[in-house]
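These protein sequence lines are chains F and E, in that order.
If you're matching positions, the first sequence starts at 32 in the working numbering and goes up one per residue.
If you're matching positions, the second sequence starts at 20 in the working numbering and goes up one per residue.
Report on the following structure.
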Amino acid sequence: MSTTDTQQLTAKDLATDQDVRWCPGCGDYSILKQMQSTLAEAGIKKEDTVFVSGIGCSSRFPYYMDTYGMHSIHGRATAIASGLKATRPELSVWVITGDGDALSIGGNHLIHALRRNFDVNILLFNNEIYGLTKGQYSPTSPKGQVTKSTPMGSLDHPFNPLALAMGAEATFIARSMDRDPKHMRAILQAADAHKGTSLIEIYQNCNVFNDGAFEVFTDKSTKPKHTIFLEEGEPLTFGDEREFGIRMNGMKPEVVQLKDFSKEDLWIHDSKDMGKALILTRMFDDPRKENALPRPFGVFYREERYLYEDAMQGQIDRAKEIKGEGDLDQLIRGGHTWKVA
Amino acid sequence: MSSVTEKKDDVIILFAGDSGDGMQLTGSLFTNTSAQFGNDISTFPNFPAEIRAPQGTVAGVSGFKLRFASIDIFTPGDEVEVMVAMNAAALKANLDQLKVGGTIIANTDGFDKKNLRLAKYDEEANPLLDESLDKFRVIEMDVTKITRQTLVDSGLGTKDIDRCKNMYVLGFLYWMYNRSLANTEEFIKEKFAKKPEIRDANLKVLKAGYYFGDTNETFTTRYEVKSANLPSGEYRSIMGNQGTALGLIVAAQKAGLNLFYGSYPITPASDILHELARHKEFGVKTFQAEDEIAAICASIGASYGGTLGVTASSGPGIALKGEAIGLAVMLELPLLIINVQRGGPSTGLPTKTEQSDLLQAMHGRNGEAPLVVIAPCSPSDCFETAIEAARISLEHMVPVMYLSDGFIANGSEPWRFPSAADIKPIHPRFANAEKELENGVYYPYRRDENLVRSWATPGMKDLQHRVGGLEKDFETGNVSYDPENHERMVRIRKEKVEKIAEHIPEQAIGQGEEKGELLILGWGSTYGAIRTAVRELITEGHAVSHAQVRYLSPFPKNLGELLQRFDQVLIPEINDGQLIQLINARYDKRALPLNKIKGMPFTSREIKEKAKELLAK
Numbered sequence: 032m033s034t035t036d037t038q039q040l041t042a043k044d045l046a047t048d049q050d051v052r053w054c055p056g057c058g059d060y061s062i063l064k065q066m067q068s069t070l071a072e073a074g075i076k077k078e079d080t081v082f083v084s085g086i087g088c089s090s091r092f093p094y095y096m097d098t099y100g101m102h103s104i105h106g107r108a109t110a111i112a113s114g115l116k117a118t119r120p121e122l123s124v125w126v127i128t129g130d131g132d133a134l135s136i137g138g139n140h141l142i143h144a145l146r147r148n149f150d151v152n153i154l155l156f157n158n159e160i161y162g163l164t165k166g167q168y169s170p171t172s173p174k175g176q177v178t179k180s181t182p183m184g185s186l187d188h189p190f191n192p193l194a195l196a197m198g199a200e201a202t203f204i205a206r207s208m209d210r211d212p213k214h215m216r217a218i219l220q221a222a223d224a225h226k227g228t229s230l231i232e233i234y235q236n237c238n239v240f241n242d243g244a245f246e247v248f249t250d251k252s253t254k255p256k257h258t259i260f261l262e263e264g265e266p267l268t269f270g271d272e273r274e275f276g277i278r279m280n281g282m283k284p285e286v287v288q289l290k291d292f293s294k295e296d297l298w299i300h301d302s303k304d305m306g307k308a309l310i311l312t313r314m315f316d317d318p319r320k321e322n323a324l325p326r327p328f329g330v331f332y333r334e335e336r337y338l339y340e341d342a343m344q345g346q347i348d349r350a351k352e353i354k355g356e357g358d359l360d361q362l363i364r365g366g367h368t369w370k371v372a
Numbered sequence: 020m021s022s023v024t025e026k027k028d029d030v031i032i033l034f035a036g037d038s039g040d041g042m043q044l045t046g047s048l049f050t051n052t053s054a055q056f057g058n059d060i061s062t063f064p065n066f067p068a069e070i071r072a073p074q075g076t077v078a079g080v081s082g083f084k085l086r087f088a089s090i091d092i093f094t095p096g097d098e099v100e101v102m103v104a105m106n107a108a109a110l111k112a113n114l115d116q117l118k119v120g121g122t123i124i125a126n127t128d129g130f131d132k133k134n135l136r137l138a139k140y141d142e143e144a145n146p147l148l149d150e151s152l153d154k155f156r157v158i159e160m161d162v163t164k165i166t167r168q169t170l171v172d173s174g175l176g177t178k179d180i181d182r183c184k185n186m187y188v189l190g191f192l193y194w195m196y197n198r199s200l201a202n203t204e205e206f207i208k209e210k211f212a213k214k215p216e217i218r219d220a221n222l223k224v225l226k227a228g229y230y231f232g233d234t235n236e237t238f239t240t241r242y243e244v245k246s247a248n249l250p251s252g253e254y255r256s257i258m259g260n261q262g263t264a265l266g267l268i269v270a271a272q273k274a275g276l277n278l279f280y281g282s283y284p285i286t287p288a289s290d291i292l293h294e295l296a297r298h299k300e301f302g303v304k305t306f307q308a309e310d311e312i313a314a315i316c317a318s319i320g321a322s323y324g325g326t327l328g329v330t331a332s333s334g335p336g337i338a339l340k341g342e343a344i345g346l347a348v349m350l351e352l353p354l355l356i357i358n359v360q361r362g363g364p365s366t367g368l369p370t371k372t373e374q375s376d377l378l379q380a381m382h383g384r385n386g387e388a389p390l391v392v393i394a395p396c397s398p399s400d401c402f403e404t405a406i407e408a409a410r411i412s413l414e415h416m417v418p419v420m421y422l423s424d425g426f427i428a429n430g431s432e433p434w435r436f437p438s439a440a441d442i443k444p445i446h447p448r449f450a451n452a453e454k455e456l457e458n459g460v461y462y463p464y465r466r467d468e469n470l471v472r473s474w475a476t477p478g479m480k481d482l483q484h485r486v487g488g489l490e491k492d493f494e495t496g497n498v499s500y501d502p503e504n505h506e507r508m509v510r511i512r513k514e515k516v517e518k519i520a521e522h523i524p525e526q527a528i529g530q531g532e533e534k535g536e537l538l539i540l541g542w543g544s545t546y547g548a549i550r551t552a553v554r555e556l557i558t559e560g561h562a563v564s565h566a567q568v569r570y571l572s573p574f575p576k577n578l579g580e581l582l583q584r585f586d587q588v589l590i591p592e593i594n595d596g597q598l599i600q601l602i603n604a605r606y607d608k609r610a611l612p613l614n615k616i617k618g619m620p621f622t623s624r625e626i627k628e629k630a631k632e633l634l635a636k
């Protein structure tokens, strides 16, 4: 993110004159606010920042950010952002997408964007429903979900977005929620700081078509028992009194009581450990299930890997080193010519 | 021994063999030698879609047609004079192209029982032994055997030795047409610099073929095709896809922009990607995307960022790109979409040519989504047309569809190339904050007198704005569902494209009088065949003219008036009649069709015959 040395922006400076048109009570408002605050705090230059979105409720996002922005077509924001970043590496590029946009119609572009590792931040607003089209199940809806298109329950086994991202060898994956602004802000900052493609899955409540989908993770009364907030170098603990912890039993995570174990026995979070990250993404139990493992939030994984845009520019620099600056006449002439008198 | 030399103006050779026999290379080498000698040339490679089609079968035949002449030529020609048939299938697949009295150079080893069976000749029938080839002159050579004998001491294995077979034939043809081996020898030395045994083997076999003609008493006649009377200047040989690629690089440089090329491999467009990837010293960024949609979307992203964004494909890929093309229409950003057309529908005929995507280019999107359509007409014209496409796109903030096809993409011809300094600069419509901000507000959809909006790219201070696929207010660019505004915007986008007619050349008559009995109106790769036919018709005293349309949307502003000056208008197309639909719908003139949908270009004779039929009425 580029910083400005002139005046400090406020969140308000990043708002546009457009009325925000999400339904009252939508989780998107909170994400927008945190994004504006995060960028203002980071002291960005508005003109060097670009938001690209696809189609869906969340994809209206760019209209509300006073930066450059494109509300593109369904599923393709990651591909558009790739071309933009490839040619304008100095820009701060953010992709706003949803569970349908990123994981269904745009699934192909998402996995390829992740493996290529452009320095782009992807915010995946997951509400487990198609909101804009008024309530069909999405690729993250739990099996059996009754929606307009699945009156007898959905048959699809749902995607686990972060496990998918690990499979695509993403270099930064994290999860946050609309109802925890402080956490979200920290994650947005971490994603922004990461050099490479960052994927943040944000649990976002659609209060019209899928109200309460994540309530068990976000409601004060159930949140402590069903969530784990990952902190670098810290043991995995949870519960009202942080009385529970996660211990590795071989390759299997298990819940233990802290009264029986010391913190040293617990799983210590290390976001650079791919093996651990894989297991964390698999902590994906249906919370209604008995003995369900808590759902992790935070930065699961980060890895330093070359940026596609740098490598691309590197080849150009190398070509110029070997051949010199391109000479058009030489290009047009080619290798062999002959003269006709 | 002595041989007579006979002069010829115009020779057509067809190299035909198994797709593994190296016929494309052999043809290209003969082409280069003839081009450098100064002949006018025109080539037509014709190969199967499969990389290794079943060996020995008709389906697996790969051909390279080469025409070289001391006169002006515009097509690879109609009837073949000399055919190299490396096996029975090659003969069977191409015999109908050989003119009566023509020569067949047959590799007898390719006519053994197995090859005859694979080529589906009747039991016991061998065309080399029966009278079926009596109309032709047959030169039999046991190429495999002689090649093996020549290289018996080379230390190479049989597989490597057999790969040199094509050089024997090439050497013989060089003898037959009085050509120097130097150019090909140079090529071999360069290509196999790191494999001296292979290099030496190829050189030896090439010479052996040449000496075979020299020493064998059966060959008493050699031919000479003098250099052509081409306009003086410096020439190179150019293939269509290569011309397109070079044109794109030049266009970007002339506009002061970087070039971004997003594409997904597809026949016959991939060679543009290959060519561009070799020229990174011009700052060219090539991006092989995960699919056709990503390829165009990445290019749109690049365009949004202020780069010349280009994507290319062939028909099926263009179909996939349709929605994104519509987005580019809506965003009013520069974007080049190259379609190297092939036979359709669906996967169709991947390696064969067709002009059947014109209506797709015009209408293949949802909504009212007009764009510019432009078509090159020959391999060298690809260069100029690509620059023209980029110029229109950048100066008018509009996506441009560029319609090449397999015939010109893979064909080659001599090109009197221009100097870079003679190519006009291109002026992108970048926004200017000082001029365009009104009370601190930027209106991204305000337009100039040509209805062109300005290009504000990320990084430009105070010009932050949002664009998108939703309908926008005609001035602010904000999302608008207003009924009046939508109709207004639909008309503005259309009018913007129509106004480009003020900035392109008027349609010219390429050949013939400005008015007359018959106008043959073509577009794209039919150029050479029409030009040849019209030249002959004029020589025979007919009042026929030829016009080739480069600008298909918008049409040149004088086109309607031009059509009226002729009693009849004939439109030959390698499709079932697409330009003719546009012309007949738009102008008060009933044009007549001539269609060929065989995956093959027109011969000039086909056009000439149709023209004569119309003239006789």
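Glycine included, every Cβ here is placed at the ideal spot set by N, Cα and C.
message: In this structure, how does DSSP classify residue 365 (chain E) when only helix, strand and coil are distinguished?
response: Reduced to three states, the DSSP call for residue 365 (chain E) is coil.
- prompt: Going along chain F, which residues have a C-beta under 7 Å from residue 326 (chain E)?
  reply: Chain F residues near residue 326 (chain E): 118.
message: Judging by CA-CA distance, which residue of E:116, E:581, E:576 and E:481 is the nearest neighbour of residue 566 (chain E)?
response: The shortest Cα separation from residue 566 (chain E) among E:116, E:581, E:576 and E:481 belongs to E:581.
query: What three-state label does DSSP hand residue 156 (chain E) in the structure shown?
result: Note: residue 156 (chain E) maps to strand in three-state DSSP.
field: DSSP three-state assignment for residue 221 (chain E), whether helix, strand or coil
entry: Here residue 221 (chain E) sits in helix by DSSP.
field: Assigned secondary structure, residue 215 (chain E) (DSSP; H/G/I helix, E/B strand, else coil)
entry: Note: residue 215 (chain E) maps to helix in three-state DSSP.
- prompt: Which residues mark the beginning and the end of the beta strand (DSSP E) in which residue 205 (chain F) is found?
  reply: Here the beta strand (DSSP E) through residue 205 (chain F) covers 203 to 208.
field: residue 32 (chain F) (DSSP reduced to helix, strand or coil)
entry: The predicted position of residue 32 (chain F) is uncertain, since its pLDDT is 47 and thus under 50; no value can be drawn from it.
message: Using the Cβ count rule (16 or more neighbours within 10 Å means buried), how would you classify residue 64 (chain E)?
response: Counting of Cβ neighbours within 10 angstroms places residue 64 (chain E) among the buried residues, the total reaching 16 or more.
field: Own chain partners of residue 622 (chain E) with C-beta closer than 7 Å, once the 5 adjacent residues on each side are dropped
entry: Listed in chain order, the non-local C-beta contacts of residue 622 (chain E) below 7 Å within the same chain comprise 97 and 548, local neighbours out to five positions each way being set aside.
query: What residues in its chain sit with their C-beta under 6 Å from that of residue 314 (chain E), if we drop five residues either side in the sequence?
result: Within the same chain, and ignoring the five residues on either side of residue 314 (chain E) in sequence, the residues whose Cβ sits closer than 6 Å to its Cβ are 281, 282, 283, 308 and 330.
task: Determine the direct distance from the alpha carbon of residue 76 (chain F) to that of residue 385 (chain F), and round the result to whole angstroms.
output: Here chain F has residues from 32 to 372 only, and residue 385 (chain F) is not among them.
message: Helix, strand or coil, according to DSSP, for residue 161 (chain F) in the structure here?
response: Three-state result, residue 161 (chain F): strand.
- request: At 4 residues or longer, and completely inside the segment 257 to 308 of chain E: list those alpha helix (DSSP H) runs for me, N to C.
  value: The segment 257 to 308 of chain E contains these whole alpha helix (DSSP H) runs: 259 to 273 and 289 to 296.
- prompt: Could you give the distance in angstroms between the alpha-carbon of residue 342 (chain E) and the alpha-carbon of residue 240 (chain F)?
  reply: If you take the alpha carbons of residue 342 (chain E) and residue 240 (chain F), they lie about 28 Å apart.
task: Report the residue from E:275, E:270 and E:571 whose alpha carbon sits nearest the alpha carbon of residue 420 (chain E).
output: Put simply, of E:275, E:270 and E:571 the residue whose alpha carbon is nearest the alpha carbon of residue 420 (chain E) is E:571.
- request: Could you tell me which uninterrupted alpha helix (DSSP H) segments, each at least 4 residues in length, are contained entirely in the segment 408 to 469 of chain E, listed from first to last along the chain?
  value: Annotation: the segment 408 to 469 of chain E contains the following complete segments of the alpha helix (DSSP H) (minimum length 4 residues), in chain order: 425 to 429 and 452 to 455.
- request: Determine the DSSP secondary structure at residue 72 (chain F), reduced to helix, strand or coil.
  value: Helix.
task: Just the chain E side, please: which residues come within less than 9 Å of residue 200 (chain F) by C-beta, in chain order?
output: By Cβ distance, chain E contributes nothing, its closest Cβ being about 14 Å from residue 200 (chain F), past 9 Å.
message: Which residues in chain E have a C-beta closer than 9 Å to the C-beta of residue 49 (chain F)? List them in chain order.
response: By Cβ distance, chain E contributes 485, 497 and 498.
- prompt: With a CB to CB cut of under 6 Å and the five nearest residues on each side skipped, what residues in its chain are close to residue 34 (chain E)?
  reply: Taking residue 34 (chain E) as the centre and dropping the five residues before and after it, the same chain places the C-beta of 42, 45, 46, 83 and 103 closer than 6 Å to its C-beta, in chain order.
task: Pick helix, strand or coil for residue 569 (chain E), following the three-state DSSP scheme.
output: Coil at residue 569 (chain E), not helix or strand.
- prompt: On the three-pair Cβ rule with 8 Å, is the segment 532 to 552 of chain E touching the segment 387 to 397 of chain E?
  reply: The answer is yes - the segment 387 to 397 of chain E touches the segment 532 to 552 of chain E, with three or more Cβ pairs under 8 Å.
- request: Using a Cβ cut-off of 8 Å (strictly closer), state whether residue 445 (chain E) contacts chain F.
  value: Judged by the 8 Å Cβ criterion, residue 445 (chain E) is not in contact with chain F.
- prompt: Which of the three DSSP states, helix, strand or coil, is assigned to residue 167 (chain F)?
  reply: If DSSP states are grouped into helix, strand and coil, residue 167 (chain F) belongs with the strands.
- prompt: If you follow the alpha helix (DSSP H) that residue 516 (chain E) is part of, which residue opens it and which one closes it?
  reply: It spans 502 to 518 - the alpha helix (DSSP H) in which residue 516 (chain E) sits, taken as one unbroken run.
query: What does a CB cutoff of less than 8 Å around residue 138 (chain E) pick up in its chain, not counting 5 residues either side in sequence?
result: Cβ-Cβ distances below 8 Å link residue 138 (chain E) to 75, 76, 77, 106, 107, 108, 110 and 111 in the same chain, with the five nearest sequence neighbours on each side left out; the list follows chain order.
Inter-residue Cα distance where the pair is residue 42 (chain F) and residue 71 (chain F): Distance between the alpha carbons of residue 42 (chain F) and residue 71 (chain F) is about 5 Å.
field: Whole-number beta carbon distance between residue 327 (chain E) and residue 279 (chain E), since they are thought to touch under 8 Å
entry: 7 Å between Cβ atoms; contact.
message: Could you give the first and the last residue of the continuous alpha helix (DSSP H) run that contains residue 348 (chain E)?
response: Note, residue 348 (chain E): alpha helix (DSSP H), 334 to 350.
message: I need the boundaries of the alpha helix (DSSP H) containing residue 254 (chain F), first residue and last residue.
response: Residue 254 (chain F) -> alpha helix (DSSP H) spans 254 to 257.
task: With a threshold of 16 other CB atoms inside 10 Å of the CB of residue 629 (chain E), please say whether the residue is buried or exposed.
output: So residue 629 (chain E) counts as buried.
query: Could one say the Cβ of residue 79 (chain F) lies closer than 8 Å to chain E's Cβ atoms, at least one of them?
result: Residue 79 (chain F) counts as touching chain E.
query: What in chain F is Cβ-close to residue 295 (chain E), meaning under 9 Å?
result: Neighbours of residue 295 (chain E) in chain F, taken as residues whose beta carbon is under 9 Å from its own, are absent, since the nearest beta carbon is some 11 Å off.
- prompt: Using the beta-carbon count (16 or more within 10 Å), is residue 446 (chain E) buried or exposed?
  reply: Label assigned to residue 446 (chain E): exposed.
- request: Could you tell me whether any Cβ in chain E is nearer than 8 Å to the Cβ of residue 126 (chain F)?
  value: For residue 126 (chain F), not one C-beta of chain E is nearer than 8 Å to its own C-beta.
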